[in-house]
């Protein structure tokens, strides 16, 4: 497992690291620990660019997003966010640029044809919580906490709300958004924000283990399933079943479906062709 910078730009040290693990798992590590891994424009761009590269890399079958330091991510970089308050437009263009870039990056996670798993070791607040909610799966340390505390500083977490409200029931989402109160790992699991709670310090390995399990499946099948999951979720019941039926019929025509069903009937391990 080799850690490499994805893009260094003008940073004195790489703010995003990429590790490649045998078996097809890529680990992206947020590396701004002194800034609590806040999502600067540069870091947002680096994550987005890394996801684009991974999407075209047939050698990667699953992705883990982790972070160095005590915090997973404290959200947007507030110093950067307010740096253009004295502009003629009072910062409007800058605010729009940052929010648009961040929203595009979050959508890139959902649209990536490979599963993305968050490994959360500490606080994940505001856009950091949004990042966790945007991932397909999430594993968290028992010491992790989650919050959308923008309301406390007069800035409602409207963009984190999009991902949060698609993960947890409405009243739980509204409670987090309206109060800003932190949610501990066990409660986050209970309301559906994360999948697993593990002992502190093991969350990264647990997320990688989960990624390796998924990476052992047919990447073609996983791609079909991930796309279908998010698409059907936005449809009404009848349209969702109509769409899913078409997807399954088409999936049955795939080489891996033929191989997998044949292997099941023959009681042998399938040999995936990823097509």
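Residue numbers (the numbering used here): 138 to 412.
Every residue gets a Cβ at the ideal spot worked out from N, C-alpha and C, and that includes glycine.
Drop a sphere of 10 angstroms on the beta-carbon of residue 258, count the other beta-carbons inside from all chains shown, and report buried for 16 or more, exposed for fewer.
Here residue 258 corresponds to residue number 121 of the chain shown, with the count starting at 1. Per the 10 Å Cβ criterion, buried.
Under the assumption that residue 238 contacts residue 178 (Cβ atoms under 8 Å), give the Cβ distance between them as a whole number of angstroms.
Locating residue 238 in the chain shown gives position 101, counting from the first residue. Locating residue 178 in the chain shown gives position 41, counting from the first residue. Contact holds; Cβ gap of about 6 Å.
Can you grab the Cα-Cα spacing for the pair residue 316 / residue 329, in whole Å?
Your numbering for residue 316 matches position 179 in the chain shown. Your numbering for residue 329 matches position 192 in the chain shown. Answer to the nearest angstrom: the Cα atoms are 19 Å apart.
Within the continuous alpha helix (DSSP H) that includes residue 275, where are the two ends?
Here residue 275 refers to the residue found at position 138 of the chain shown. From DSSP, residue 275 is part of no alpha helix (DSSP H) but of the beta strand (DSSP E) over 274-278.
Report the CB separation of residue 318 from residue 284 in whole angstroms; it is logged as a contact under 8 Å.
Locating residue 318 in the chain shown gives position 181, where the first residue counts as 1. Locating residue 284 in the chain shown gives position 147, where the first residue counts as 1. Contact flag correct, Cβ pair sits at about 7 Å.
Measure from the alpha carbon of residue 125 to the alpha carbon of each residue in 373, 210 and 201, then state which is nearest.
The question about residue 125 has no answer here: the residues shown for the chain are numbered 138 through 412.
Output the distance between the C-alpha atoms of residue 393 and residue 267, rounded to the nearest integer angstrom.
To locate residue 393, count along the chain shown from 1; it is residue 256. To locate residue 267, count along the chain shown from 1; it is residue 130. Whole-angstrom Cα-Cα distance: 34 Å.
For the pair the region 366-382 and the region 218-233, tell me if three or more CB-CB distances fall below 8 Å.
no
For residue 182, which residues from the same chain have a beta carbon less than 6 Å from its beta carbon, with the 5 sequence-adjacent residues on both sides left out?
For the purposes of this step, residue 182 is taken as residue 45 along the chain shown, with counting starting at 1. So the list is empty, once near-sequence residues are dropped.
To the nearest angstrom, report how far apart residue 232 and residue 360 are at their CA atoms.
Position 95 of the chain shown holds residue 232. Position 223 of the chain shown holds residue 360. Going by the C-alpha atoms only, they are around 34 Å apart.
With the cut-off set at 9 Å, would you say residue 254 and residue 365 are in Cβ contact?
Reading the chain shown from its first residue, position 117 is the one you call residue 254. Reading the chain shown from its first residue, position 228 is the one you call residue 365. No, they are not a contact pair.
Return the chain-ordered ranges of every alpha helix (DSSP H) run that is complete within the region 302-366 and spans a minimum of 4 residues.
The region 302-366 contains these whole alpha helix (DSSP H) runs: 307-316, 322-327 and 340-352.
Contact check, residue 331 vs residue 384 under 8 Å by CB: the rounded distance?
If you number the chain shown from 1, residue 331 lands on position 194. If you number the chain shown from 1, residue 384 lands on position 247. In fact, because the Cβ distance is near 27 Å, the residues do not count as touching under 8 Å.
Quick one: Cα of residue 309 to Cα of residue 301, how far?
For the purposes of this step, residue 309 is taken as residue 172 along the chain shown, with counting starting at 1. For the purposes of this step, residue 301 is taken as residue 164 along the chain shown, with counting starting at 1. For residue 309 and residue 301, the distance between alpha carbons rounds to 9 Å.
From 286, 287, 265 and 260, residue whose alpha carbon lies closest to that of residue 278:
Mapped onto the chain shown, residue 278 falls at position 141. Nearest of 286, 287, 265 and 260 to residue 278, Cα basis: 260.
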